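With the first letter of the sequence shown counted as 1, position 47 gets the number 47 in this note's numbering; the numbers rise by one all the way through.
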Amino acid sequence: MTFSRYNHAILFVSFLFLFPQETMANNESMELSIPSGVLKVDPSGAVSLTSTNPAGMKFETAPGELWAIALAPGGNAHKLGHHIGFSSSGMKPRLEKTNGGVRLVYDRLRHGKQEWNIRVEVDIAAVEDEFRFSAIITNNEKDWTVCWIRLPVLNRIRGDKDDSRRSVLWPSGLGQKFTSEQFGPSRSFGYPSGYSMQWIAISGQGMGLYVGCHDRQDSMKNFKLINRKKHFEFSLMHELYCLPGQTAKMPATVVMPFEGTWHKAARRYRRWVDTWMPIAKKPDWLRKSSGWMLCIMK
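1. Going along the chain, which residues of its own chain have a beta-carbon closer than 8 Å to the beta-carbon of aspartate 284, five neighbours each way excluded?
2. So if DSSP puts alanine 248 in a beta bridge, which residue, or which two residues, is it bridged to?
3. Checking the sheet assignment: what are the DSSP bridge partners for methionine 237?
4. Whether or not the region 67–80 and the region 140–149 are in contact is what I'm after, with contact meaning three or more pairs of Cβ atoms, one per stretch, closer than 8 Å; do they touch?
5. Within its chain, find whatever has a CB closer than 7 Å to the CB of leucine 340; leave out the 5 residues flanking it on each side and keep chain order.
6. Can you tell me which residues form a DSSP beta bridge with asparagine 227?
7. DSSP state of lysine 40, grouped into three classes?
8. Can you confirm whether the region 131–138 touches the region 220–234 when touching is taken to mean that 3 or more C-beta pairs between the two stretches lie within less than 8 Å?
9. Ends of the beta strand (DSSP E) at tryptophan 319?
10. Specify the secondary structure class of glutamate 28 as computed by DSSP and reduced to three states.
11. Within 7 Å (strictly less), CB to CB, does lysine 288 reach chain B?
12. Check for me: the alpha helix (DSSP H) holding lysine 288 runs from which residue to which?
13. Using the DSSP secondary-structure output, state which residues sit across from glutamine 176 in a beta bridge.
14. What residue range does the beta strand (DSSP E) around alanine 265 cover?
15. By DSSP, does serine 203 sit in helix, in strand, or in coil?
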């Protein structure tokens with residue numbers, strides 16, 4: 001049986017209706033909802049969080065501020081030239097719908113008059129009561145290396161009440177809690193060297209924001225929080241070293257607004273850790289054995 005051109009056209013149009021394209025219109029924004037808030041993703045790349053509770057935490061990231069990247073000439077991670085760091089400013093993404101979220105696609109990178117054949121895909125998803133940010137970098141350049149990517153960058157983190165009375169939870173040792181005044185203008189830490197966990201939280205006035213990187217590989221990263229007194233600014237830098245011809249995947253960063261005390265943030269990180277690091281059970285022989293502690297015999 002043969003088909004005419006007319007029949008082929010009918011089948012093609014029917015296919016489009018049955019399987020619509022996932023790419024969104026250039027002027028269409030998208031909203032991702034969880035019980036505690038709505039995350040709006042603008043076609044320009046701007047992202048903003050609005051809380052369902054008027055007193056809840058919120059943030060705003062302007063176009064071109066959601067992520068930044070650093071490139072260096074050379075294909076050997078130990079012999080790279082001077083790196084060039086820049087934000088996504090001036091690069092408008094293509095938005096695509098995904099299962100439970102949205103993908104921002106940057107087919108090529110541009111900075112000033114330079115352009116690189118490097119693709120960045122930023123995925124944002126709403127999962128239960130949290131948002132997850134991740135990325136895939138495809139380096140199609142022959143003599144450039146992607147050194148790091150800073151994602152997410154969250155600006156103007158604040159609540160409706162006095163933010164000077166909020167506390168910051170910091171994973172130094174077994175954990176520290178700072179008032180806004182004690183925290184100072186800014187702090188940062190590298191992981192896994194020197195710090196015990198991959199999360200921070202801003203908490204107070206019965207509201208808070210948890211930001212944690214759920215990375216089983218314990219890859220190198222740097223957390224930074226700036227205290228602007230009336231609001232905070234957060235960023236997370238991942239050291240990738242994606243060489244020419246390689247593809248690098250950034251682990252998910254969880255952003256969870258919550259109501260209650262900082263304990264909710266701690267329990268969220270603990271819940272993730274419990275999925276892969278069970279607490280060792282004490283063997284019976286050890287529990288029943290005798291022992292000496294702080295005994296001095298003369």
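The beta carbon of each residue, even a glycine, is placed where N, CA and C say it ideally should be. Keep in mind the model is a prediction, meaning the values are calculated, not measured.
Reading it off the structure:
1. Indexing the sequence shown from 1 puts residue 284 at position 284. Answer for aspartate 284: no residue qualifies.
2. Along the sequence shown, one-based indexing puts residue 248 at 248. Ile137.
3. Within the sequence shown, residue 237 is the residue found at index 237, counting from 1. According to DSSP, which records beta bridges pairwise, methionine 237 is partnered with Arg150 and Asn222.
4. yes
5. Since the displayed the chain opens at 1 and closes at 298, residue 340 lies outside it and no answer follows.
6. Stepping through the sequence shown from its first residue, residue 227 is reached at position 227. Answer by DSSP bridge pairing, in chain order: Phe232.
7. Translated into positions along the sequence shown, residue 40 becomes position 40. Of the three classes helix, strand and coil, the one that applies to lysine 40 here is strand, per DSSP.
8. no
9. A question about residue 319 goes unanswered here, because the residues of the chain that appear run from 1 up to 298.
10. To locate residue 28, count along the sequence shown from 1; it is residue 28. Three-state result, glutamate 28: coil.
11. Going by chain labels, chain B is absent from the structure shown, which holds only one protein chain.
12. Looking up residue 288 in the sequence shown gives position 288. Residues 284–288.
13. Stepping through the sequence shown from its first residue, residue 176 is reached at position 176. Answer by DSSP bridge pairing, in chain order: Trp170.
14. Here residue 265 is taken as the residue at index 265 of the sequence shown, counted from 1. Careful: alanine 265 lies outside any beta strand (DSSP E), inside the alpha helix (DSSP H) at 263–273.
15. By 1-based counting over the sequence shown, the position of residue 203 is 203. Serine 203 falls in the strand class under three-state DSSP.
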